[in-house]
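Residues in the sequence shown are numbered consecutively from 160, following this note's numbering.
Even for Gly, the Cβ is constructed at its ideal location relative to N, Cα and C.
All figures in this text were calculated on a predicted structure; none of them were measured in a lab.
To start, the structure itself, in structure tokens.
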Amino acid sequence: MAYQALYRQWRPMTFAEVVGQEAVVKTLKRQIETGRIAHAYLLCGCRGTGKTSIAKIMSRAINCQNPNHGDPCGVCEPCRAILAENTLDVLELDAASNNSVDNVRDLLEQVRYPAQVGRYKVYIIDEVHMLSSAAFNALLKTLEEPPQNVVFILATTEPQKIPATILSRVQRYDFGRIPAPLIEERMTLALQKLNIIAEPEALQMVARAAEGAMRDAFSILDMCVSSTADGALTAAIAREVLGASDRDFLFAFGEKLAVSDMAGIMHAIDTLMRAGREPQVFLKELTRHVRALLAVKALPENAAALLEITDEDEKRYRKQADSFTSERLLRMMDELMRAESEMRYASAPRVGLEVAVLRACAEQKGEDTAALLERIATLETKLSAFIGQVGSGQLQPVQPQQKADTKPQEKVNAQATVADKAKSTPLPPTDEQAIWEEMLKLIAKTEPPLLGLLKKERFVGSQDGVFRVQVAFERKDFTLLQLNKPARRDVIARALSEVAGKPLAFEAVLDGDGGAGKEDKLREENLRTLTSTVGRDLLHVDENDKL
Ligand SMILES: Nc1ncnc2c1ncn2[C@@H]1O[C@H](COP(=O)(O)OP(=O)(O)OP(=O)(O)O)[C@@H](O)[C@H]1O
Ligand SMILES: [Mg+2]
Ligand SMILES: [Zn+2]
Numbered sequence: 160m161a162y163q164a165l166y167r168q169w170r171p172m173t174f175a176e177v178v179g180q181e182a183v184v185k186t187l188k189r190q191i192e193t194g195r196i197a198h199a200y201l202l203c204g205c206r207g208t209g210k211t212s213i214a215k216i217m218s219r220a221i222n223c224q225n226p227n228h229g230d231p232c233g234v235c236e237p238c239r240a241i242l243a244e245n246t247l248d249v250l251e252l253d254a255a256s257n258n259s260v261d262n263v264r265d266l267l268e269q270v271r272y273p274a275q276v277g278r279y280k281v282y283i284i285d286e287v288h289m290l291s292s293a294a295f296n297a298l299l300k301t302l303e304e305p306p307q308n309v310v311f312i313l314a315t316t317e318p319q320k321i322p323a324t325i326l327s328r329v330q331r332y333d334f335g336r337i338p339a340p341l342i343e344e345r346m347t348l349a350l351q352k353l354n355i356i357a358e359p360e361a362l363q364m365v366a367r368a369a370e371g372a373m374r375d376a377f378s379i380l381d382m383c384v385s386s387t388a389d390g391a392l393t394a395a396i397a398r399e400v401l402g403a404s405d406r407d408f409l410f411a412f413g414e415k416l417a418v419s420d421m422a423g424i425m426h427a428i429d430t431l432m433r434a435g436r437e438p439q440v441f442l443k444e445l446t447r448h449v450r451a452l453l454a455v456k457a458l459p460e461n462a463a464a465l466l467e468i469t470d471e472d473e474k475r476y477r478k479q480a481d482s483f484t485s486e487r488l489l490r491m492m493d494e495l496m497r498a499e500s501e502m503r504y505a506s507a508p509r510v511g512l513e514v515a516v517l518r519a520c521a522e523q524k525g526e527d528t529a530a531l532l533e534r535i536a537t538l539e540t541k542l543s544a545f546i547g548q549v550g551s552g553q554l555q556p557v558q559p560q561q562k563a564d565t566k567p568q569e570k571v572n573a574q575a576t577v578a579d580k581a582k583s584t585p586l587p588p589t590d591e592q593a594i595w596e597e598m599l600k601l602i603a604k605t606e607p608p609l610l611g612l613l614k615k616e617r618f619v620g621s622q623d624g625v626f627r628v629q630v631a632f633e634r635k636d637f638t639l640l641q642l643n644k645p646a647r648r649d650v651i652a653r654a655l656s657e658v659a660g661k662p663l664a665f666e667a668v669l670d671g672d673g674g675a676g677k678e679d680k681l682r683e684e685n686l687r688t689l690t691s692t693v694g695r696d697l698l699h700v701d702e703n704d705k706l
């Protein structure tokens, strides 16, 4: 089995497993026990303190058939369906990468379908402060007149960026940093499972370094664990992981940045990732390192006190700072900080880290880095591809089949001709189209919300038993992702198979580059296809007439 980072293994599944956040947990549990569920919640607080975890627990708890003191049971049908992401009753949107009004509209469109397996439809919008103002307005409209049995759970690290109009319509919960002793306890549990015994001092050091974020604690612990031998996590190991070795690494990294050693940088990042480091955590450390370099440049002497470092370290920073201009350091700082906020929720944070660091490098060299810029462009392309990643991993547009549907008005004339001819010599409906439509009818009965998603997209035919819809580019982050979830694909494939009486599969693919130009081209192509079809039919009819 692939190694799973500790923080993932230890995501709390019940309120009982949540550490700290007592006030939040107590109130939410009471609401569930008494059935007084609010329409909208806002979970605020530092990163890695349990917001997303609690949102997920809530989504199950309010739908659970046998809640245990407000905790989800984990075994009833709704609990299982939600855990397996098997239902459209609980929908998540990561506003960091899907912040447009279209993204929100697609999500809200699902509001009109009642919950299927549970009682409530739950919308989890993570990093909600990233929504565009148009998107906020769309959300506000729904919050103003909340539909029955719909619950919004919004999470953010930056509540000050949420419009007051939204704030006034949500129940707000503030998540505090998690006290070190609680972090230590939870780490101890994780270590027990791994049969590792830790020196108390080692745990204290890790907890302190995590600054109240449980996820960071687990990430650091992961590194410690990979350096332990004989099942013992000593203070020396923790010190090594946290301190000197990390600093050495950062100084070495700094040297590579100074000489814009791209290959070296990529290798170093690779080494880090192999060691199980979190791109975000490293980015934070790198930012701190660059800040220290800036500080020693700004302060001709005695920066040690300000930076809380030793005099010896100060010397080291000074030496490295000499290889940079202040302007360059400032630019790097800019890049790194921007990346920190951008990639927090990216689905491929490593690529985000690479792009940020290469950018930080590239800027200083100016125009003589054409090749480098090209590499960055490649990385950026990769990054956006990753972000729009679909389960199938297949993003190529599928060529429309002959009878692929186009916008009706574009083919009115051609259609009329086809229809006229069809009367005299009935064309058998293209099988796949008929199967597709029958399947939609079936889904309309069993899974109306799914129909809502499917209807908007273009059916582009089948190949080797795989039926495909082409999802418009602007819906790639929501609809495409939803339709390609294995469970969802299964439902559609089963319905198709039922209709056709043979096993069929389904997948959603992305509409090429999604630009308007592309759509025009497709339309043109469809028209041409239709014209040629009509042409052949005419020929056929002529022959009939002769007979
Ligand atoms: N209060 C907590 N109790 C137990 N574990 C926690 C807690 N908070 C965070 N964790 C650990 O950290 C991981 C990430 O937590 P979660 O995603 O809930 O944080 P978050 O507050 O949403 O962070 P972010 O703001 O970065 O999205 C969890 O999988 C879990 O391992
Ligand atoms: Mg979160
Ligand atoms: Zn349950």
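(Q) Which residues end up in the neighbourhood of ligand 3 when you take C-beta atoms closer than 7 Å to any of its heavy atoms? (A) Listed along the chain, these residues meet the criterion: R219, C223, Q224, N225, P226, P231, C232, G233, V234, C235, P237 and C238.
Q. So is the beta-carbon of L255 under 7 Å away from any non-hydrogen atom of ligand 1?
A. Taking the first residue of the sequence shown as position 1, residue 255 is located at position 96. Note on residue identity: the sequence assigns Ala, not Leu, to residue 255. Flag unset: Cβ of A255 not near ligand 1.
(Q) According to DSSP, simplified to helix, strand and coil, what is K580? (A) Counting from one through the sequence shown, the residue named residue 580 turns up at place 421. The predicted model places K580 with a pLDDT of 42, which falls under 50 and marks its position as unreliable; any figure quoted below should be read in that light. In this structure, K580 counts as helix in the three-state DSSP scheme.
Q: Specify which residues have a beta carbon nearer than 6 Å to any heavy atom of ligand 2, listing them in chain order.
A: Those satisfying the condition are, in chain order, K210, T211, D285 and A314.
Q. How many whole angstroms separate the CB atoms of W169 and A314, which I take to be in contact at a CB cut-off of 8 Å?
A. What you label residue 169 is simply residue 10 of the sequence shown in a count that begins at 1. What you label residue 314 is simply residue 155 of the sequence shown in a count that begins at 1. Contact doesn't hold; Cβ gap of about 19 Å is too wide.
Q: Would you check if there are 3 or more beta carbon pairs closer than 8 Å linking the region 198-207 to the region 251-260?
A: No, because fewer than three Cβ pairs between the region 198-207 and the region 251-260 fall closer than 8 Å, the two stretches do not touch.
Q. Within the present structure, is the beta-carbon of G207 separated from the nearest heavy atom of ligand 1 by less than 7 Å?
A. Taking the first residue of the sequence shown as 1, we reach residue 207 at position 48. Flag set: Cβ of G207 near ligand 1.
Q: Counting only the same chain and skipping the five closest in sequence on each side, list residues whose C-beta sits under 6 Å from that of Q555.
A: By 1-based counting over the sequence shown, the position of residue 555 is 396. At Q555, the pLDDT of 43 sits below 50, so the modelled position is not reliable and the matter cannot be decided from this model.
Q. Hey, how far is the Cα of K352 from the Cα of G390?
A. Position 193 of the sequence shown, counting from 1, holds the residue named residue 352. Position 231 of the sequence shown, counting from 1, holds the residue named residue 390. Between the alpha carbons of K352 and G390 lies a distance of about 11 Å.
Q | For C203, the three-state DSSP class (helix, strand or coil) | A | Within the sequence shown, the letter at position 44 stands for residue 203. When DSSP states are grouped into helix, strand and coil, C203 belongs to the strand group.
Q | Sub-8 Å separation of V440 and D375 beta-carbons | A | For the purposes of this step, residue 440 is identified with residue 281 of the sequence shown, where counting begins at 1. For the purposes of this step, residue 375 is identified with residue 216 of the sequence shown, where counting begins at 1. Yes, these two residues count as a Cβ contact at 8 Å.
Q | Local conformation of S419 per DSSP, three classes | A | Residue 419 sits at position 260 when you count from the first residue of the sequence shown. Annotated three-state conformation of S419 is coil, per DSSP.
Q. Going by C-alpha distance, which of T347, S292 and P340 is nearest I325?
A. Locating residue 325 in the sequence shown gives position 166, counting from the first residue. Closest option to I325, Cα to Cα, is S292.
Q) From this set, L612, A593 and F632, which residue's C-alpha is nearest L655's C-alpha? A) One-based indexing of the sequence shown puts residue 655 at position 496. Of L612, A593 and F632, the residue nearest in Cα terms is A593.
Q: Consult DSSP for Y166 and reduce its assignment to one of helix, strand or coil.
A: Start at 1 with the first residue of the sequence shown, and residue 166 comes out as number 7. Looking at Y166 - three-state DSSP - the assignment turns out to be helix.
(Q) Using the Cβ count rule (16 or more neighbours within 10 Å means buried), how would you classify L465? (A) One-based indexing of the sequence shown puts residue 465 at position 306. Taking a 10 Å sphere around the C-beta of L465, we find fewer than 16 other C-beta atoms and assign the residue as exposed.
Q | CA-to-CA distance, F618 to T430, given in whole angstroms | A | Counting from 1 along the sequence shown, the entry for residue 430 is found at position 271. Counting from 1 along the sequence shown, the entry for residue 618 is found at position 459. As the crow flies, the alpha-carbon of T430 is around 44 Å from that of F618.
Q.
Taking 6 Å as the limit between beta carbons, can you name the residues of its chain near A451, skipping five residues before and five after?
A. What you label residue 451 is simply residue 292 of the sequence shown in a count that begins at 1. Take A451, set aside five residues on each side of it, and the residues of its chain with a beta-carbon closer than 6 Å to its own are L466 and Y476, in chain order.
Q. How about I337: is its Cβ closer than 7 Å to a heavy atom in ligand 1?
A. By 1-based counting over the sequence shown, the position of residue 337 is 178. Yes; taking the cut-off as 7 Å, the Cβ of I337 has a heavy atom of ligand 1 nearer than that.
Q) Looking only at C-alpha atoms, which of D623, E444 and T638 sits nearest to K614? A) Stepping through the sequence shown from its first residue, residue 614 is reached at position 455. Residue nearest to K614 within the set D623, E444 and T638 is T638 (criterion: CA-CA distance).
Q. Which residues in the same chain have their Cβ closer than 7 Å to the Cβ of E471, if we skip the five residues on either side of it in sequence?
A. On the sequence shown, position 312 is the one that residue 471 refers to. Hits under 7 Å: none found.
Q: Check whether the Cβ of R647 sits closer than 7 Å to any heavy atom of ligand 1, and report yes or no.
A: Position 488 of the sequence shown holds residue 647. The answer is no for R647.
Q) Using the beta-carbon count (16 or more within 10 Å), is A182 buried or exposed? A) Here residue 182 refers to the residue found at position 23 when the sequence shown is read from its first residue. It is exposed - the Cβ of A182 has fewer than 16 other Cβ atoms within 10 Å.
Q. Which word fits T605, buried or exposed, when buried means at least 16 other C-beta atoms lie within 10 angstroms of its C-beta?
A. For the purposes of this step, residue 605 is taken as residue 446 along the sequence shown, with counting starting at 1. Exposed, by the Cβ-count rule.
Q.
V630 and L669 - do their beta-carbons sit closer together than 8 Å?
A. As a position in the sequence shown, residue 669 is number 510, starting the count at 1. As a position in the sequence shown, residue 630 is number 471, starting the count at 1. Closer than 8 Å, so yes.
Q) Of all the options Q269, Q330, V309 and H288, which has the alpha carbon lying nearest to the alpha carbon of K320? A) In the sequence shown, counting from the first residue as 1, residue 320 sits at position 161. For K320, the closest C-alpha among the options Q269, Q330, V309 and H288 is that of H288.
(Q) Which residues does DSSP list as the beta-bridge partners of I284? (A) Within the sequence shown, numbered from 1, the residue matching residue 284 stands at position 125. DSSP lists L252 and L313 as partners of I284.
Q: With distances taken Cα to Cα, identify the nearest neighbour of I379 among L165, V514, V650 and E236.
A: For the purposes of this step, residue 379 is taken as residue 220 along the sequence shown, with counting starting at 1. For I379, the nearest C-alpha among the options comes from L165.
Q. When the distance is taken between beta carbons, is I191 closer than 8 Å to P237?
A. The residue you call residue 237 lines up with position 78 of the sequence shown. The residue you call residue 191 lines up with position 32 of the sequence shown. Taking 8 Å as the Cβ cut-off, P237 and I191 do not qualify as a contacting pair.
**Q.** Cβ distance (whole Å) where N245 is taken to contact R278 below 8 Å
**A.** Along the sequence shown, one-based indexing puts residue 245 at 86. Along the sequence shown, one-based indexing puts residue 278 at 119. Taking the Cβ atoms as the reference, N245 lies roughly 16 Å from R278, outside the contact range of under 8 Å.
Q.
Given a cut-off of 8 Å on the beta-carbon distance, is the pair F410 and L445 in contact?
A. Within the sequence shown, numbered from 1, the residue matching residue 410 stands at position 251. Within the sequence shown, numbered from 1, the residue matching residue 445 stands at position 286. Contact flag unset, no.
Q.
Could you check whether the Cβ of Q319 sits closer than 7 Å to any heavy atom belonging to ligand 1?
A. For the purposes of this step, residue 319 is taken as the residue at position 160 of the sequence shown. Flag unset: Cβ of Q319 not near ligand 1.
Q.
How far does the alpha helix (DSSP H) with F377 in it extend, from its first residue to its last?
A. For the purposes of this step, residue 377 is identified with residue 218 of the sequence shown, where counting begins at 1. Its alpha helix (DSSP H) spans residues M373 to S386.
Q) Straight-line CA distance for V310 to Y282? A) Within the sequence shown, the letter at position 151 stands for residue 310. Within the sequence shown, the letter at position 123 stands for residue 282. Going by the C-alpha atoms only, they are around 6 Å apart.
Q.
Please tell me whether L642 and L599 are closer than 8 Å, where the distance is taken between their beta carbons.
A. Here residue 642 is taken as the residue at index 483 of the sequence shown, counted from 1. Here residue 599 is taken as the residue at index 440 of the sequence shown, counted from 1. It is not a contact, given that the beta carbons lie outside the stated cut-off.
Q. What three-state label does DSSP hand L663 in the structure shown?
A. As a working note, residue 663 is residue 504 in the sequence shown. DSSP places L663 outside both helix and strand once states are collapsed to three, so it counts as coil.
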